[in-house]
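What follows is a single structure, written as structure tokens, with notes after it.
Residue numbers (mature numbering (1 follows the signal peptide of the UniProt record, and there is no 0)): -24 to -1, 1 to 808.
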């Protein structure tokens, strides 16, 4: 009996231990916390697959960790929402307020469009890890984050955060990692960050930070990785940065830093250090190293003098003002830089030189002989060139006369000639130009041009929203002919009198009664333009934004390509839009594209045969800015601009297509390096984080990015024709999936041939042949985290090639189809 009682007591004791363990690990002891988890599951639209509603959160919910019956860790990184939850994703995490023991919250790569509430830094004071990278978060960083004093890791990178970095971050004394890269933060770097003595990794790259680097950053004695690249920081680098004992990686590239570099040999761990100081305005003589670096990039500055012997160090000094070194800046560029700052320029060691000096001749006898040979060669070349030019002029004149005869009887969808539009009242056919509105009708429709109806100030006139008597919504462009060119509205009227297509904004009529003001009337587009529709406010009280889904974005890209393909290939002569950007892509109620901003449209300049001869003779091509400063009238220019629109759709970065400044070109350089025909995963580094895409959709995104890169080739003759771009976008998976024999064709492509010829060539020959295979190859980027600049170059020029010729020869293929931006930019597979 006693023996039985002992066994019962032992059983109860074991049961208690098991129950206590289960209670500790598998049951949420707080009803408030259990309700909070259910509420979080609902507000985020999480699937039952990860968080089953009938299961114990601590045991059956994916990535939930509990201690002593309290929730301590939540990880929803990469989770997918339910179909209903994905329709209106928001930053809906209010339930976290009741999880007061929460130590880690990871929502990286999970869309949380909206701003971070102030309570986040007031209620979650136990947080040690907060990872919100790539969550589509907008708005400012709450100053209450300064209360999260237990934080050791804070990652807010790759979002749309704005305004300045809160000075309250100085209270986060336990931080070891702080990453706020790839946002829209501005202002200065708070000096309070210099008090975070435990910090090892600090990344503020890809923002709009300005002013000087605070000297207090030199106090971060434990710092290992510092990334300040792609900002607008100025002044000199603090001397203290060079003496940080543990600093292994410093990227200060693509800023406005200046001054003379100190002796970098003071770096303690130089042998394993990676420093990138490229694309700044450092000057003076290059410092000696004293010891070898793992990598040191000093390119894109204004260093002068002789290059020290760097021995085995891996040092890049391209694009400087150095003596006896290849790939340097021109003399005029270097002289201008030093002159503007009142500094002395050594003129590449040759005060009278115009370029970096060449090696001196060994003897005067050889020198005379070289001069004679050179003169003979130049004379012969000049004679041949003169003969060819005469032949070209004769051929062009003959062809123009023939073209004039042909156009007299030719009927086509486009204008018959590229001559300026006729003056008012002379031969302009108004019968096909919609209705003739009275000035009173225009006033009534627009509420007498009230400010409430003003949509925007366009470069050719102000746009007003209006309503006709029957309720039809319209847009009225008011043109002041006293300040605008009279030819602007006349050319647009002439365009609409001869051209009609479903992808052009519907033209409804005009009002030309007033002498000083003219009015053009278009159909109203309910969804505005792409620049305002890519992200738009939800119909709610908060200011959260809703992003266009991928299917709609692809639809918009195809519609835009259809409109441009019509202008380029169905009009005779080909018409150039000249203002292709997101604000020119208008969207109706079903997000169908209607191209607007048509006042700049004109016939393509030059002659395609003349362009071929220019390429044959390797004559320099004109710039895409004409003599008047306006955009070049070539189809290749439209293709380049369309490539920027495609990147805007892929990355979600607004303003790409509307900007041509230096900072935007630098952004393109840094973005296109992640677009490779051999590595799909690279593109995930630049995809708009608000997009919710599966594996198949990611391939479509990848394909669009590849097409965009082809459009952005700095050599206009190597950009694809718009009709091939349209076919590629209509069949995006065909761009990146291997079919039939195209893989062998691409693998056999030599290093000098065109990979884009393989990409777009199949659209020309057959719609059944695949374009580019998914060939596994090493990534474009190395294992180092150092950011290397890509190569987009400026918007080149020239003509876009033929509008439809046979592809029977390889030479024609090279003329029509583009090649990579630079040979070294595209990593090729090993030849078999």
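We put the CB at the ideal spot given by N, CA and C, even for glycine.
query                                                                                                                                                                               : result
Measuring alpha carbon to alpha carbon, tell me which of 162, 195 and 166 ends up nearest residue 176.                                                                              : 195
If I'm right that residue 49 touches residue 38 with Cβ under 8 Å, what's the distance once you round it to whole angstroms?                                                        : In fact, because the Cβ distance is near 12 Å, the residues do not count as touching under 8 Å.
Give me, in chain order, the residues of the same chain whose beta-carbon lies closer than 8 Å to that of residue 103; leave out the 5 immediate sequence neighbours on both sides. : 78, 79, 80, 81, 124, 126 and 127
Quick one: Cα of residue 713 to Cα of residue 698, how far?                                                                                                                         : 21 Å
According to DSSP, which residues form a beta bridge with residue 107?                                                                                                              : 82 and 131
Which two residues bound the contiguous beta strand (DSSP E) that contains residue 184?                                                                                             : 184 to 187
Quick check on residue 442: does DSSP put it in helix, strand or coil?                                                                                                              : strand
Go to residue 614, then tell me how far its alpha helix (DSSP H) extends in each direction, as first and last residue.                                                              : 611 to 627
Assuming contact is defined by CB atoms lying nearer than 8 Å, are residue 659 and residue 677 in contact in what I supplied?                                                       : yes
List the whole-angstrom C-beta distance separating residue 642 from residue 632, where the pair is believed to meet the contact cut-off of C-beta under 8 Å.                        : The Cβ separation is near 12 Å, so there is no contact.
Just to confirm, is the Cβ distance from residue 683 to residue 705 under 8 Å?                                                                                                      : yes
Rank 249, 203 and 554 by C-alpha distance to the C-alpha of residue 222 and give the top, closest one.                                                                              : 249
Count the other CB atoms within 10 Å of the CB of residue 445; is the residue buried (16 or more) or exposed (fewer)?                                                               : exposed
Helix, strand or coil, according to DSSP, for residue 417 in the structure here?                                                                                                    : helix
Suppose the cutoff is 7 Å on Cβ atoms and the five residues either side in sequence are ignored; what does the same chain contact list for residue 190 look like?                   : 165, 167 and 170
In whole angstroms, what separates the C-alpha of residue 458 from that of residue 556?                                                                                             : 26 Å
Between residue 471 and residue 452, is the Cβ-Cβ spacing less than 8 Å?                                                                                                            : no
Quick one: what does DSSP say residue 705 is sitting in, helix, strand or coil?                                                                                                     : helix
Does DSSP put residue 596 in a helix, a strand or coil?                                                                                                                             : Caution is warranted here: a pLDDT of 39 is assigned to residue 596, below 50, making its placement in the model unreliable, and no coordinate value can be reported.
I'd like the list of long-range same chain contacts for residue 378, defined as Cβ closer than 7 Å, with 5 residues on each side in sequence excluded.                              : Note that residue 378 scores a pLDDT of 45, beneath 50, so its modelled location is shaky and nothing firm can be said.
Using the C-alpha atoms, what's the distance from residue 500 back to residue 475?                                                                                                  : 19 Å
What residue ranges within the region 20 to 94 form continuous alpha helix (DSSP H) runs of no fewer than 4 residues, ordered along the chain?                                      : 33 to 36
Expressed to the nearest angstrom, what Euclidean distance is found between the alpha-carbon atoms of residue 6 and residue 47?                                                     : 9 Å
Who does residue 116 pair with in a DSSP beta bridge?                                                                                                                               : 138
Can you tell me whether DSSP reads residue 410 as helix, strand or coil?                                                                                                            : coil
Quick check: what's the CA-CA separation for residue 212 versus residue 203?                                                                                                        : 16 Å
What are the boundary residues of the beta strand (DSSP E) that residue 161 is part of?                                                                                             : 160 to 163
Suppose you measure from the CA of residue 664 to the CA of residue 528; what does that come to, to the nearest Å?                                                                  : 14 Å
Quick one: what does DSSP say residue 332 is sitting in, helix, strand or coil?                                                                                                     : Since pLDDT at residue 332 reaches only 44, below the 50 mark, its modelled position is unreliable, and no value is offered.
Using CA atoms only, rank isn't needed, just tell me which of 505, 73, 524 and 523 is closest to residue 536.                                                                       : 505
Taking a contact to mean a Cβ-Cβ separation below 8 Å, would you say residue 554 touches residue 634 in this structure?                                                             : no
Leaving out five residues before and five after residue 178 in sequence, what residues of the same chain have Cβ atoms less than 6 Å from its Cβ?                                   : 154 and 202
By the three-class DSSP mapping on this structure, what secondary structure does residue 234 have?                                                                                  : strand
Quick check on DSSP: helix, strand or coil for residue 228?                                                                                                                         : coil
Helix, strand or coil for residue 151 per DSSP?                                                                                                                                     : coil
Locate the beta strand (DSSP E) running through residue 211, then write down its first and last residues.                                                                           : 208 to 211
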